[in-house]
Amino acid sequence: MVGALALTLAACAPANESTGDATGDETTDGGMSLSGELSGGGASTQEVAMEAWRATFQSENPDATVNYDPIGSGGGRENFTSGAFPFAGSDAALDDDEMAAAEAICGEGSVLEYPAYISPIAVAFNLEGVDELNLSPETIAKVFKGDITKWNDKAIAADNEGVDLPDTDITVVHRSDDSGTTENFTSYLNTVVPDVWDFEVEGVWPVEGQESAQGTSGVVNAAEAGDGTITYADASQVAGLGTIAVGVGDDFVPYSAEAAAAVVEQSPRVEGTADTVFVYDLQRDLAGTYPIVLVSYQMACATYEDEATAALVKGFLGHVMSEEGQQEASDQAGSAPISSALIGEIAPEIEAITAG
Amino acid sequence: MTITDSPPSGEAPPGPRGRVVRRRASGDTERGFSRIFRWIATGAGALILAVLAAVALFLIARGWPAITATPAELADSVPRYPDDTSLVAYVGPLVFGTLLAAVLALLLATPVGMGIALFISHYAPRRLAQGLGYLVDLLAAIPSVIYGLWGFLVLAPVLKPVWFWLGENASWFPLFAGKVSATGKSIATVAVVLAVMVLPIITAVSREVFLQTPKLHEEAALALGATRWEMVRTAVLPFGRSGVISAAMLGLGRALGETMAVLMILSPGFTYSLHLLEAGNHQTIAAYIANDFPEASGLAVNTLIATGLALFVITLAVNMLARWIVARRKEFSGAN
Chain F
22 MVGALALTLA ACAPANESTG DATGDETTDG GMSLSGELSG GGASTQEVAM EAWRATFQSE
82 NPDATVNYDP IGSGGGRENF TSGAFPFAGS DAALDDDEMA AAEAICGEGS VLEYPAYISP
142 IAVAFNLEGV DELNLSPETI AKVFKGDITK WNDKAIAADN EGVDLPDTDI TVVHRSDDSG
202 TTENFTSYLN TVVPDVWDFE VEGVWPVEGQ ESAQGTSGVV NAAEAGDGTI TYADASQVAG
262 LGTIAVGVGD DFVPYSAEAA AAVVEQSPRV EGTADTVFVY DLQRDLAGTY PIVLVSYQMA
322 CATYEDEATA ALVKGFLGHV MSEEGQQEAS DQAGSAPISS ALIGEIAPEI EAITAG
Chain P
80 MTITDSPPSG EAPPGPRGRV VRRRASGDTE RGFSRIFRWI ATGAGALILA VLAAVALFLI
140 ARGWPAITAT PAELADSVPR YPDDTSLVAY VGPLVFGTLL AAVLALLLAT PVGMGIALFI
200 SHYAPRRLAQ GLGYLVDLLA AIPSVIYGLW GFLVLAPVLK PVWFWLGENA SWFPLFAGKV
260 SATGKSIATV AVVLAVMVLP IITAVSREVF LQTPKLHEEA ALALGATRWE MVRTAVLPFG
320 RSGVISAAML GLGRALGETM AVLMILSPGF TYSLHLLEAG NHQTIAAYIA NDFPEASGLA
380 VNTLIATGLA LFVITLAVNM LARWIVARRK EFSGAN
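So the sequence lines, in the order shown, correspond to chains F and P.
According to this note's numbering, the first sequence is numbered sequentially starting from 22.
According to this note's numbering, the second sequence is numbered sequentially starting from 80.
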């Protein structure tokens with residue numbers, strides 16, 4: 022609370038009295054080395070990627086420190102709109118009220134919001150003799166709900182002509198702990214086939230009496246241990262298992278980082294917002310895109326009262342929204358890198374962050 | 080340990096208080112450091128009570144908001160909480176799962192533990208017995224997270240065919256009915272791992288008790304023409320009975336509270352099912368707390384602590400029961 026107050030005050034104070042007392046020193050080769058401390062926070066989804074981004078940023082700017090407090094999306098938006106966090110991460114975009122509050126802090130039309138982290142979820146299975154399967158969203162929902170119980174069910178066979186499906190029982194393995202992956206996956210099912218997946222979207226798996234395990238490695242190991250198992254997990258963690266090509270429109274799209282990033286690129290941007298607000302109305306049925314993704318946003322101001330904070334935010338978020346930054350997140354956290362085209366649109370807006 | 084608590088009442092020396100009073104009257108033994116040491120020892124004794132009281136107090140104080148909350152409030156703030164369920168009905172399946180896993184583990188481990196103890200005390204050559212005893216003690220030193228990893232990566236796949244065989248051929252037996260888990264992550268596997276974990280405790284205590292069987296009893300039995308098995312049955316086992324019971328209860332205490340191994344192996348679920356081979360039916364209190372605590376906040380934390388209180392009460396009850404059994408049989412055994 023004290024910190025929140027201090028930073029709110031700082032945002033209104035002249036540059037030389039700020040808490041984030043950063044200075045941009047011109048180095049001899051013309052580059053900038055930043056110093057000072059920048060503290061943001063929000064969605065825990067971005068935590069692992071943040072570690073990577075912070076590490077690189079801090080090694081390039083040895084005098085600068087960036088902190089990210091993974092207090093959750095709601096907390097991130099709350100602290101951003103109150104001015105406590107100069108930047109924040111959130112799995113959901115700011116709503117109208119929050120945007121109004123944020124504009125009160127940043128200034129009219131100068132809130133910057135963009136997708137920074139795309140986390141794809143793979144539907145993975147272990148079935149002897151089968152490496153790849155096509156499943157429509159409706160079939161996926163029915164399988165995970167327990168309505169379809171055999172691998173050679175008609176609904177599965179219809180999508181997989183020519184595949185020799187065994188008469189094995191389907192064993193669903195879900196996360197036993199309260200997890201963001203479960204929430205994202207059930208949110209996808211709930212959005213696409215609400216009449217089949219009629220559960221509330223929560224971090225706790227809603228269907229009872231199924232197999233489960235703790236953590237991503239737990240479900241992957243459990244799926245590997247059984248025959249006829251199916252599970253969902255971060256796409257980067259399912260190497261040993263077969264993966265489902267998910268039905269999108271009339272096609273089936275296997276998971277790839279590019280196809281996952283394409284969802285954001287091809288979804289329409291939400292209209293009626295400032296030029297600096299890149300919020301997308303995620304479409305789950307765009308041909309050739311992989312639809313089971315979580316998009317996590319970052320938010321910052323386009324202008325800061327104080328020069329030091331502006332320089333740090335610009336430097337750090339500029340690194341996040343660069344090809345290298347996105348590749349780092351992909352290596353460390355298994356995310357799908359944001360497409361170059363999108364980076365090309367967003368990066369100039371970050372570059373334009375100013376003080377005053 | 081429970082078995083070495085106090086000497087048989089018949090020839091017990093006067094209690095400490097009586098002795099202190101008498102000697103202080105004579106005024107020569109309670110002086111200098113002896114006096115300070117008396118306070119150190121008393122303090123150590125009091126400390127254990129204070130710790131126990133502090134834990135109980137913590138559980139009651141922090142669990143109280145959940146105990147007094149209405150089912151609607153609980154359903155709102157605890158992610159897994161079903162609507163219209165009282166806290167007792169919610170914790171009930173967890174208590175059931177905890178007791179089921181622990182009792183099964185005990186049923187598996189006690190006969191094996193006694194067998195190992197008898198082998199070490201009465202059958203094995205002296206040198207082998209020493210080595211074997213050492214190995215059994217070593218089993219107790221393995222951290223439970225290692226048992227968990229082993230159980231779920233190695234033992235579950237090995238046991239899976241056994242469970243499938245039982246499911247196919249013995250499903251008339253209620254415990255083996257139902258759909259056999261395809262991954263082996265069932266309470267049957269948990270019970271086997273827990274049994275391995277409590278084995279060292281049961282073996283170590285039983286071995287000590289069996290070794291204390293009076294040589295004269297054994298020789299008398301042999302002199303009457305008993306075989307070695309008859310000697311064990313008539314002399315060693317009756318003598319060691321209360322010791323074995325308290326060994327089993329100590330093991331039960333460990334099995335009740337075991338967390339990591341259960342957490343890593345079991346597919347949890349919240350029912351009163353007796354189908355041991357099915358997944359997604361059982362959960363133990365300790366594993367439930369460990370699984371849900373990381374994402375819990377507010378009343379959900381209180382609920383977890385309230386279930387912890389239930390575990391505390393069960394463990395206390397089990398230990399008191401064990402004490403009572405041992406005390407009741409003490410006069411017959413002479414093991415102490």
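Glycine included, every Cβ here is placed at the ideal spot set by N, Cα and C.
Is residue i helix, strand or coil when you go by DSSP?
i: His-195(F); result: strand
i: Ala-163(P); result: Residue 163(P) is actually Asp in this sequence, not Ala. Of the three classes helix, strand and coil, the one that applies to Asp-163(P) here is coil, per DSSP.
i: Ser-200(F); result: coil
i: Asp-90(F); result: strand
i: Glu-298(P); result: helix
i: Gln-362(P); result: coil
i: Glu-223(F); result: coil
i: Lys-163(F); result: helix
i: Glu-156(F); result: It is worth fixing the name first, because residue 156(F) is Leu in this sequence and not Glu. If DSSP states are grouped into helix, strand and coil, Leu-156(F) belongs with the strands.
i: Pro-190(P); result: helix
i: Asn-211(F); result: helix
i: Ala-401(P); result: helix
i: Met-342(F); result: coil
i: Arg-320(P); result: helix
Quick check: is the beta carbon of residue i nearer than 8 angstroms to any beta carbon in chain F?
i: Gly-359(P); result: yes
i: Ala-342(P); result: The sequence shown places Leu at residue 342(P), rather than the Ala named in the question. Yes, its Cβ sits closer than 8 angstroms to a Cβ of chain F.
i: Phe-231(P); result: yes
i: Gly-377(P); result: no
i: Asp-371(P); result: yes
i: Glu-309(P); result: no
Compare the C-beta of residue i with all C-beta atoms of chain P and state if any pair is closer than 8 angstroms.
i: Asp-379(F); result: Nothing about residue 379(F) can be reported from this structure: the residues present for chain F run from 22 to 377 only.
i: Gln-380(F); result: Because chain F is modelled from 22 through 377, residue 380(F) falls outside the range shown and cannot be assessed.
i: Thr-250(F); result: yes
i: Ala-221(F); result: In the sequence under discussion, the amino acid at residue 221(F) is Glu, which differs from the Ala named in the question. It does not; no Cβ of chain P falls within 8 angstroms.
i: Asp-199(F); result: yes
i: Glu-58(F); result: no
i: Gly-45(F); result: Confidence in Gly-45(F) is poor, its pLDDT being 42 and thus under 50, which makes the residue's placement unreliable; the coordinate value appears in the next sentence. Not one chain P Cβ lies under 8 angstroms of Gly-45(F).
i: Val-259(F); result: no
i: Glu-159(F); result: no
i: Gly-224(F); result: yes
Using the Cα positions of residue i and residue j, report the straight-line distance between them to the nearest angstrom.
i: Gly-261(F); j: Glu-245(F); result: 7 angstroms
i: Ala-243(F); j: Ala-125(F); result: 50 angstroms
i: Arg-75(F); j: Leu-173(P); result: 42 angstroms
i: Gly-96(F); j: Phe-108(F); result: 12 angstroms
i: Glu-223(F); j: Phe-206(F); result: 10 angstroms
i: Leu-290(P); j: Ala-261(P); result: 45 angstroms
i: Ser-376(P); j: Leu-388(P); result: 18 angstroms
i: Gly-249(F); j: Asn-173(F); result: 11 angstroms
i: Lys-258(P); j: Thr-189(F); result: 13 angstroms
i: Val-380(F); j: Arg-305(F); result: The structure shown has nothing for residue 380(F), since chain F only spans 22 to 377.
i: Tyr-367(P); j: Lys-166(F); result: 23 angstroms
i: Arg-141(P); j: Thr-338(P); result: 21 angstroms
i: Gly-124(P); j: Gln-258(F); result: 52 angstroms
i: Glu-287(P); j: Met-193(P); result: 11 angstroms
i: Lys-175(F); j: Gly-246(P); result: 27 angstroms
i: Ala-219(P); j: Val-271(P); result: 15 angstroms
i: Val-130(P); j: Ala-120(P); result: 16 angstroms
i: Thr-44(F); j: Ile-313(F); result: Because Thr-44(F) carries a pLDDT of 44, less than 50, the predicted location of this residue cannot be relied on, and the following value inherits that uncertainty. Using only the alpha carbons, I get a separation of about 42 angstroms.
i: Asn-360(P); j: Val-164(F); result: 19 angstroms
Taking 7 angstroms as the cut-off, is the CB of residue i close to at least one heavy atom of the ligand NAD?
i: Asp-152(F); result: Although the ligand NAD was asked about, the structure shown includes no ligands whatsoever.
Report yes or no: is there a C-beta of chain B within less than 8 angstroms of the C-beta of residue i?
i: Ala-235(P); result: In summary, chain B is missing from the structure at hand, where the protein chains are F and P.
Check your understanding: When Cβ atoms are compared, which residues of the segment 75 to 89 of chain F fall closer than 8 angstroms to chain P?
Key -> From the segment 75 to 89 of chain F, no residue has a Cβ closer than 8 angstroms to chain P.
Review point. Looking at C-beta atoms only, is the number of pairs between the segment 321 to 329 of chain P and the segment 385 to 405 of chain P that lie closer than 8 angstroms three or more?
Key: A contact exists between the segment 321 to 329 of chain P and the segment 385 to 405 of chain P.
Review point. Got a sec: which bits of the segment 259 to 285 of chain P sit with their beta carbon under 7 angstroms from any beta carbon on chain F, in order along the chain?
Key: In summary, the residues of the segment 259 to 285 of chain P whose CB is separated from some CB of chain F by less than 7 angstroms are Ser-260, Ala-261, Thr-262, Gly-263 and Lys-264, in the order they occur in the chain.
Practice item. Decide if the segment 338 to 350 of chain P is in contact with the segment 208 to 224 of chain P; the criterion is three or more beta carbon pairs, one per stretch, under 8 angstroms apart. Key: Contact holds between the segment 338 to 350 of chain P and the segment 208 to 224 of chain P, because three or more Cβ pairs, one in each stretch, are under 8 angstroms apart.
Point to revise | Interface residues of the segment 204 to 219 of chain F facing chain P [CB-CB below 9 angstroms] | key: Along the segment 204 to 219 of chain F, there is no position whose C-beta sits under 9 angstroms from a C-beta of chain P.
Exercise for review: Determine, using beta-carbon pairs with one atom in the segment 225 to 243 of chain P and one in the segment 143 to 153 of chain P, whether at least three such pairs fall under 8 angstroms.
Suggested key: The segment 225 to 243 of chain P is not in contact with the segment 143 to 153 of chain P.
Check your understanding: Between the segment 176 to 183 of chain F and the segment 150 to 168 of chain F, do at least 3 Cβ pairs fall closer than 8 angstroms?
Key -> In this structure the segment 176 to 183 of chain F lies against the segment 150 to 168 of chain F, because at least three pairs of beta carbons, one per stretch, are closer than 8 angstroms.
Practice item. Closer than 8 angstroms, Cβ to Cβ, to anything on chain F: give me those residues from the segment 131 to 158 of chain P, in chain order. Key: Cβ contacts with chain F: Pro-158.
Point to revise | Contact residues within the segment 239 to 253 of chain P, judged by C-beta distance below 7 angstroms to chain F | key: Using a CB distance below 7 angstroms, no part of the segment 239 to 253 of chain P faces chain F.
Review point. Mind listing which residues of the segment 326 to 353 of chain P have their C-beta closer than 8 angstroms to chain F's C-betas, in chain order?
Key: For the segment 326 to 353 of chain P, which is checked against every Cβ of chain F, the residues closer than 8 angstroms are Leu-342, Met-343, Ser-346, Pro-347, Gly-348, Phe-349 and Thr-350.
Practice item. Taking 8 angstroms as the threshold, find out whether the segment 59 to 67 of chain F comes into contact with the segment 313 to 328 of chain F through three or more Cβ pairs. Key: The segment 59 to 67 of chain F, when compared against the segment 313 to 328 of chain F, does touch it at the 8 angstroms Cβ threshold.
Practice item. Residues of the segment 86 to 114 of chain F with a CB closer than 7 angstroms to any CB of chain P: list them in chain order, please. Key: Answer set for the segment 86 to 114 of chain F: empty.
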